[in-house]
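J.:
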Amino acid sequence: EAIFRTLEDYKLLVGDSLTNKSFCDFFEVDSPDLAYRLLQKLPVKAEGVKKHRKYWIKDG
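As structure tokens, this is what we get:
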């Protein structure tokens, strides 16, 4: 699926951690709520709560 390939591109270009805002910027998503729902479906590990949440891209 394209979103998984784009997540791998993000990891190579930017790094293995992201926030909701960096996800919105890179994936060109206008809604933080949509970004949150998409992040729930991706192979990432969340740390922190609310505005301090950071996501780590899992290997593989």
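Numbering (our numbering), first residue to last: 4 to 63. All residues carry an ideal CB built from backbone N, CA and C; glycine is no exception.
Do Val47 and Tyr39 have their C-beta atoms within less than 7 Å of each other?
T.: no
J.: Do you know offhand how far His55's Cα is from Lys24's?
T.: 11 Å
J.: Just the Cα atoms here: how many angstroms apart are Val52 and Leu42?
T.: Roughly 14 Å between the two C-alpha positions.
J.: Hey, could you find the ends of the beta strand (DSSP E) Lys48 is sitting in?
T.: For Lys48, the enclosing beta strand (DSSP E) covers residues Val47 to Glu50.
J.: Which residue spans inside the segment 4 to 55 form an unbroken alpha helix (DSSP H) run of at least 4?
T.: Runs of the alpha helix (DSSP H) spanning 4 or more residues and lying entirely within the segment 4 to 55 occur at 5 to 16, 23 to 30 and 35 to 44, in chain order.
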